[in-house]
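**Q** Going by UniProt numbering, the first residue of the sequence shown is number 1, and it counts up by one from there. From the three backbone atoms N, C-alpha and C, an ideal C-beta is built for every residue, glycine too. These numbers were taken from a predicted model, which means no experiment stands behind them. The following block contains the structure, expressed as structure tokens.
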Amino acid sequence: QPQAPSEQQRCPSPGPSSCRRGSSELPLPAGWEEARDYDGRVFYIDHNTRQTSWIDPRDRITKPLTFADCVGNELPLGWEIVRDQQIGVYYMDHINQLTQVEDPREQWRREQERMLKEYLVVAQEALNAKKEIYQIKQQRFELAQEEFQQLHDLCEDDSRSYVSSFSGFSANTKYDPYQIKAEIANRRDRLSRLKRELTVMKQELQYKEKGVETLQEIDRKMSSAHTNYKLDEAQAIMSELRTLRQAICMGEKERRDLMQSLAKLTDGFRNSCCISDSLYGAQHNSGSLTDSCLPQQYCDACSQTDNIGEFGFDDKSRLADRVRLNWQYEEAKKRVSSIQHQLALLDNETWPVMAEADRDHLQLIKEKEALLQDLQLICQQRRSPEDLSRMEEEMRRLSDEIQRAHATSAQGITERLLLQEKRNSLLRCLEEATRLASYLHTQIKSLSASTLTVSSGSSRGSLASSRGSLASSRGSLSSISFTDIYGLPHYEKAETQVEYGQQMRFDMIPLDALSKDCQYSETGGLPNLKKKK
């Protein structure tokens, strides 16, 4: 049987055929079968698990798993290009069950560019901190080398007296060779340690500079490959995009407000309809009060179908409740997705690069404090006025920088605490939204189950709860068919017109008649029951 021409055509993602073997060249796994739907699209049947899939099981071997593994214009596993005569080219993600018109490869490239630019900003700040740490270590090394040279000069002159400032007090003493040798050894160890730290710091600085330069070159290539904008044009475009994003966010907020207002108006309209229907029902049923005052020896044997008007409103209200619950459930799912997105953005703000920058900042503060202590010890020695003034100025500058750094670190700690508090608040909101979505889902399931359940005991005119037994009625129902209950009996005359509420009324058996073997003769029709009585 020929198939209808397909409006959609599957297009394999372009890629280097020499790198990977095609899926069609490999056999299907055991238990798998290839089939086509009514549009001619190929799908696959897994007879082992009794499931169908749009994804070729052989693609797990031949296709890349992520966009990062793609070469050229390849698409990863689960993605498919579809051509439609009306829409054109669009892309399907069979794993997440999504369809989009925009090329996912371009989205991935833009996301990589954004992440690269953000990383470059943080990496440049970390590089500047490393350079400043290296410069401070270089100053400390030069000061330690100068002190070591002074001690070495003192060792050469045995008869010279000096002012001992290395132990924290100043006094005119004779040269002590053991003490000066111990201090020289201590200064030599300190010089060796600072020299090793400088060597390691220099290598780290070189590697970091090369990495930042490489990233900057990649950023320039990625930017020039897609756009030819200048810096001011790019900034203007970015500002316009931010404005559009704010406008879209405001429009989305207005839409949500309108939806909430519409829901409130719908609930109010439904409540007003309920009140008006109840009032109309009360007025309509006021004329039937006479029937309710009949003697107790009569009973109504009407079926549940006589109360269609009464239970019709229940069906409508149940349907309205189900629609309202479905809408609330969809809104709860949207809220859960929004909170998860906000948490992901918050996690992106605190990546490991920020932690490395914080460590470099703390190390820089420690190096400045150590340099300040070295300068304070050197100032206690005999120096020229020019050197003392220069060192005092350097000490004041370092003290101010340390104070600002401590203030900045305190501000950073405050910001991190605020971010942590925001994260905890989002987690609480996510927990509440998830609990609400689960509750609404349970309510929808229970409401759907209740609509499928029909309770025969809820009818006001149930045959099981009627006071009069059908077997004890004068007019036997053995000759009445099932459809006769809802209309006139077949054996009743057509010209006999009886009120609908009195069609199915039967005489009650007196209590004293139960003990007697009374025989009742069948009457010609139901109306004769009233006449005979």
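Contact check, Gln342 vs Leu426 under 8 angstroms by CB: the rounded distance?
**A** Correct: roughly 6 angstroms between the Cβ atoms.
**Q** Please determine if the region 400-408 and the region 359-374 are in contact, where contact requires at least 3 C-beta pairs separated by less than 8 angstroms.
**A** Yes, they touch.
**Q** Is the Cβ-Cβ distance between Glu113 and Met238 less than 8 angstroms?
**A** Contact: no.
**Q** Trp108: which of His361, Glu74, Ala123 and Glu394 sits nearest, CA to CA?
**A** Closest option to Trp108, Cα to Cα, is Glu74.
**Q** According to DSSP, what are the bridge partners of Val71?
**A** None, per the DSSP bridge assignment.
**Q** List the DSSP bridge partners of Glu34.
**A** Glu34 pairs with Tyr44.
**Q** Would you list, in sequence order, the uninterrupted beta strand (DSSP E) runs of no fewer than 3 residues that lie entirely inside the region 95-140?
**A** Here the runs fully enclosed are 98-100.
**Q** If I'm right that Trp79 touches Tyr90 with Cβ under 8 angstroms, what's the distance once you round it to whole angstroms?
**A** Not quite, the Cβ-Cβ distance comes to about 11 angstroms (not below 8 angstroms), so this is no contact.
**Q** Taking the alpha-carbon of Thr266 as reference, which of Trp327, Ser337, Ala247 and Glu240 has the nearest alpha-carbon?
**A** Thr266 has its Cα closest to that of Trp327, out of Trp327, Ser337, Ala247 and Glu240.
**Q** With DSSP collapsed to three states, give me the class of Ile339.
**A** Of the three classes helix, strand and coil, the one that applies to Ile339 here is helix, per DSSP.
**Q** Do you know offhand how far Thr66's Cα is from Gln340's?
**A** Roughly 22 angstroms between the two C-alpha positions.
**Q** Pair every Cβ in the region 127-136 with every Cβ in the region 80-88, then say whether three or more of these pairs are closer than 8 angstroms.
**A** Result no; under three Cβ-Cβ pairs closer than 8 angstroms.
**Q** What do you get for Asp56, buried or exposed, if any count of 16 or more other CB atoms within 10 angstroms of its CB means buried?
**A** Buried, because 16 or more other Cβ atoms sit within 10 Å of the Cβ of Asp56.
**Q** Do Asp347 and Arg140 have their CB atoms nearer than 8 angstroms?
**A** No, Cβ-Cβ distance for Asp347 and Arg140 is not below 8 angstroms.
**Q** Answer with buried or exposed for Arg435, where buried requires no fewer than 16 other C-beta atoms within 10 angstroms of its C-beta.
**A** Classification for Arg435: exposed.
**Q** Please name the residue in Tyr38, Cys70, Thr49 and Leu440 whose C-alpha comes closest to that of Tyr329.
**A** Of the candidates Tyr38, Cys70, Thr49 and Leu440, the one whose C-alpha sits nearest the C-alpha of Tyr329 is Leu440.
**Q** Within the same chain, show all residues whose beta-carbon is closer than 7 angstroms to that of Asn48, passing over the 5 residues directly before and after it, in chain order.
**A** Within the same chain, Asn48 has close Cβ partners Gly31.
**Q** Does DSSP put Ile248 in a helix, in a strand, or in coil?
**A** Ile248 falls in the helix class under three-state DSSP.
**Q** To the nearest angstrom, report how far apart Glu393 and Gln380 are at their CA atoms.
**A** Computed Cα separation, rounded: 15 angstroms.
**Q** How would you write the range of the beta strand (DSSP E) that Thr62 sits in, first residue to last?
**A** Counting along the chain, Thr62 falls outside any beta strand (DSSP E), though it belongs to the alpha helix (DSSP H) covering Asp59 to Thr62.
**Q** Go ahead and pull the three-state DSSP assignment for Arg428.
**A** Helix, per DSSP.
**Q** In three-state terms, what does DSSP make of Trp54?
**A** Reduced to three states, the DSSP call for Trp54 is coil.
**Q** Measuring only the C-alpha atoms, how far is Arg256 from Gly72?
**A** Cα-Cα distance, rounded: 42 angstroms.
**Q** Just how far apart, CA to CA, sit Glu421 and Arg50?
**A** When rounded, the distance between both Cα atoms is 48 angstroms.
**Q** Look at Arg60 and Leu28 and say whether their C-beta atoms are less than 8 angstroms apart.
**A** No; because the gap between Cβ atoms is not below 8 angstroms, this pair is not in contact.
**Q** Given a cut-off of 8 angstroms, decide if Leu143 and Ile180 are closer than it, judged by their beta-carbon atoms.
**A** In this structure, Leu143 does not lie closer than 8 angstroms to Ile180 by Cβ.
**Q** Distance check for Asp93 and Val101, CA to CA, integer angstroms please.
**A** The straight-line gap from Cα to Cα measures roughly 11 angstroms.
**Q** Leaving out the 5 sequence neighbours to the left and right, which residues in its chain are closer than 8 angstroms to Ile402 when beta-carbon positions are compared?
**A** Closer than 8 angstroms at the Cβ level, and outside the excluded window around Ile402, lie Ile365, Lys368, Glu369 and Leu372.
**Q** Considering only the alpha carbon of each residue, which of Lys117, Arg188 and Glu132 lies closest to Ile218?
**A** Of Lys117, Arg188 and Glu132, the residue nearest in Cα terms is Lys117.
**Q** Could you pull the DSSP bridge partners for Tyr90 from this structure?
**A** Tyr90 is bridged to Val82.
**Q** Closer than 8 angstroms by C-beta to Arg428: which residues in its own chain qualify, once you throw out the five before and the five after it? Chain order, please.
**A** Taken in chain order, the list of residues that qualify is empty.
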